[in-house]
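Here's the structure, in structure tokens; my notes come after.
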Amino acid sequence: MKDELRAAIANIGKTGDTDVFPHPFETHLFYDDPERVLTLLDTIHMTFDDYFDARPPYFEQSLLPIGYGGFRWATTIDPLWNSYLLALTLSLFPKIELARMPMSDGYVYSYRISEEPHSDRIFREDGWALFRDRTKDLADTHNFVLSCDIADFYGRIYHHRLENGLKRLQDLGDSTSRIMKILGVLSGGNSYGLPVGGPAARILSELVLNPTDRLFRAEGLRFCRFADDYRFFANSMEEAHAIHYMVSEKLLRLEGLSLQKSKTRIMTSSEFLLSTDMHDDPDNDDIPDMSTRRFLKLSLRFDPYSPSAYQDYEDLREEVGRFDIVGMLASELQKSRVHVALTRRLIRALRFLSDPIRDQAVMSIMASLRVLQPLLTSVLITVKQLYENLGEKSQQFCYEAILKALREDSYLFRSEIVKAYAVRVLSARHTYEAEQIVSKMYHESQTDFLRRDIVLVFAKWRTTHWLSDVRTRFHILGPSERRAFIVSSFVLGDEGTHWRRNSKDVFTPFEDAISSWTADKKSAGLQDWDIPI
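First residue of the sequence shown? That's 69 in my numbering, and the numbers climb one at a time after it.
Here it is in structure tokens:
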């Protein structure tokens, strides 16, 4: 199990816990000192039942905006429990992979096991590209394509079906029972639902769909699947509709799942092939411009940890420079509703632009937050990444735009997930108005993850009077907020030192590790270490 624990620590330390919430600061500990985290996880593993009873998995749920008017529940899990759940899942991953239809059969391409499963890269990276190539090949030999995806897939997965699938793996250990016990807590006592966004849920969801995939193949259907996206191929419109009916019935009867009506579409193969020249989905064929189509096919993936990171970055800058990023972005911002897939990639591409062009583009998106509502977290992530390199005028513009939205209680910032991304941008500079707004947000917040980030923001601002007040309420803080305050207490000088010395007996092992890690960072040579927010 040590290999799986190390792989889980490496994955979360490098990529964070989910792709929905801001990465918790604890992931820095995972990256910096994996052996210290391994000791904590080993304790959970060796004393699971006692540890579970004493410190059950902590999680929070919050509404995440989707599109221009929708929301869905998203779940964030305590980093230790999240990594342990991932390690348990990784211990079964080879058996899960063997139970699935081989990728070489040409049906299922999502979340296949990496050739180095104990590294920080859990999945093969070529799955999506192979999926797209295979769908093109099948479209070339068929006349019609049914494109569809499963509605609210992760939230509707039944636990007893997952448990049955895990038991069929003939796991001789207790990974299955432990996984189900953890999921029972994370689902709030419900018998369905997986937390969205993490690799453990992705692996487990593939096992759930495996029987359905095999049934579809046994029925003679030609199809490809990536995660909850299916493509079925037929030679007549009549056959395509028959497939649609059968697929809908089987998913509902066997798994209690249904297709998303708005994304279910039957099209000719020529229409489908035109759409697959785009990067994301079949709806992208509403963009006629060939330059835009080529841009959407460009990979913007950049690994800052790669040995060739500098050259990779320069190569990407050169590639991006061949496109009129600002012109395409301006065109989208003039619409009442942006093309989400295109605009998301345009926003991601801003980091590869030259300084003056990039600054102007950043101010443009910050002036257009309403039309960018479906992409608000992407906007805030990008602004946070670029902020230190922006000019003073652009920095001030971004800062004031966020303050204005929060001051006016804009509906765009109603979600606490969005607020958490916003306060991370505000952490870059300290003003009295920002202090008032963020403090008010703290006292009104209903989530531990947002209060955690606000505590870290005040520590970064060196607002000691505010932190001293939080110190007096340490015993009633939530788990994430407690750990954030322990880090922040190092800003308080002697007051913080005395408090940690007197409070050490009430620290959990995880909190003690956080305290020791922060002390190491503040040790000789790292006195200028900044608060991780």
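Just so it is clear, CB atoms sit at the ideal spot from N, CA and C, and this is done for glycine as well. Please read these numbers as outputs of a predicted model, since none were measured by experiment.
Task: Option nearest Leu-480 by Cα separation, candidates Asp-110, Asp-101, Gly-135 and Asn-79 - done: Gly-135
Open item on the list: Let me confirm a value: Ala-78 is counted as buried when at least 16 other C-beta atoms fall within 10 Å, else exposed. Which label applies?
Closed with: buried
Task: Phe-578 in three-state terms, based on DSSP - done: helix
TODO: Taking all protein chains shown into account, decide if His-347 is buried (16 or more other Cβ within 10 angstroms of its Cβ) or exposed.
DONE: With a pLDDT of 42 at His-347, under the threshold of 50, the modelled position of this residue cannot be trusted; read the value that follows with caution. Per the 10 Å Cβ criterion, buried.
Task: Neighbourhood of Leu-254 by C-beta distance below 7 Å, restricted to the same chain and skipping five residues each side - done: Pro-125, Phe-127, Thr-143, Ile-145 and Pro-263
Task: Three-state class that DSSP yields for Thr-515 in the structure shown - done: coil
Open item on the list: Give the list of continuous alpha helix (DSSP H) stretches no shorter than 4 residues that lie fully inside the stretch 465-496.
Closed with: 484-494
Open item on the list: Just verifying my parser: in three-state terms, what is the DSSP assignment at Glu-563?
Closed with: helix
Task: Nearest-angstrom Cα separation, counted from Met-434 out to Ala-469 - done: 7 Å
Task: Beta-carbon proximity check, Leu-535 vs Val-559, cutoff 8 Å - done: yes
TODO: Note down, in chain order, each residue of its chain lying with its Cβ closer than 6 Å to the Cβ of Lys-589, except the 5 sequence neighbours on either side.
DONE: Trp-597
Open item on the list: Buried or exposed, going by whether 16 or more other CB atoms sit within 10 Å of the CB of Phe-139?
Closed with: exposed
TODO: Could you name each continuous beta strand (DSSP E) segment of 3 residues or more that falls completely within the stretch 112-175, going from the start of the chain to the end?
DONE: 127-134 and 138-145
Open item on the list: Excluding the 5 residues flanking Arg-520 on each side, which residues of the same chain have their C-beta closer than 7 Å to its C-beta?
Closed with: Ser-548, Glu-549 and Ala-552
Task: Own chain, CB closer than 6 Å to Lys-163, minus 5 neighbours either side, in chain order - done: Leu-237
Task: Rounded separation between Arg-416 and Val-430 - CA only - done: 11 Å
Open item on the list: According to DSSP, is Met-248 part of a helix, a strand, or is it coil?
Closed with: helix
Open item on the list: Would Asp-208 and Trp-585 qualify as a contact pair, given that the criterion is a beta-carbon distance under 8 Å?
Closed with: no
TODO: State the DSSP-derived secondary structure class of Leu-325, mapped to helix, strand or coil.
DONE: coil
Task: Phe-542, DSSP secondary structure in three states - done: helix
Open item on the list: Using only the alpha-carbon positions, how far apart do Asn-457 and Ile-449 sit?
Closed with: 14 Å
Open item on the list: If we require 3 or more residues per run, which beta strand (DSSP E) segments fall completely within the stretch 212-238?
Closed with: 212-217
Task: Cβ-based neighbour list, Thr-244, same chain, cut-off 8 Å, excluding 5 preceding and 5 following - done: Leu-160, Glu-231, Leu-234, Lys-235 and Leu-237
- [ ] Could you tell me the distance, in whole angstroms, from the CA atom of Asp-188 to the CA atom of Val-447?
- [x] 27 Å
- [ ] Can you tell me which of Trp-141, Glu-184 and Gly-84 puts its alpha carbon nearest to the alpha carbon of Asp-71?
- [x] Glu-184
Task: Own chain, CB closer than 6 Å to Pro-356, minus 5 neighbours either side, in chain order - done: Legend: pLDDT at Pro-356 = 49, less than 50; position of this residue unreliable, no value from coordinates given.
Task: Residue from Arg-569, Pro-90 and Lys-365 with nearest C-alpha to Tyr-489 - done: Pro-90
TODO: Kindly indicate which residue of Val-451, Ser-556, Ala-398 and Asp-110 has the alpha-carbon position closest to the one of Arg-530.
DONE: Ser-556
Open item on the list: Measuring only the C-alpha atoms, how far is Phe-120 from Ile-112?
Closed with: 8 Å
Task: Between the CA atoms of Asp-242 and Glu-165 - distance to the nearest angstrom - done: 19 Å
Open item on the list: If contacts are defined as beta-carbon pairs under 8 Å, then Glu-323 and Arg-229 qualify, I think. What distance do you get, rounded to the angstrom?
Closed with: 7 Å
- [ ] Using three-state DSSP, classify Tyr-177 as helix, strand or coil.
- [x] coil
TODO: Have a look at Leu-421, Thr-86, Val-523 and Leu-443 and flag the residue whose alpha-carbon is nearest the alpha-carbon of His-407.
DONE: Leu-443
Open item on the list: Along the chain, where does the alpha helix (DSSP H) containing Thr-336 start, and where does it finish?
Closed with: Segment 333-336 is the beta strand (DSSP E) holding Thr-336; no alpha helix (DSSP H) there.
- [ ] Return helix, strand or coil for Arg-419, following the three-state DSSP convention.
- [x] helix
Task: Close-in-space but distant-in-sequence residues of the same chain around Gly-261 (CB under 6 Å, 5 per side omitted) - done: Gly-223 and Ser-255
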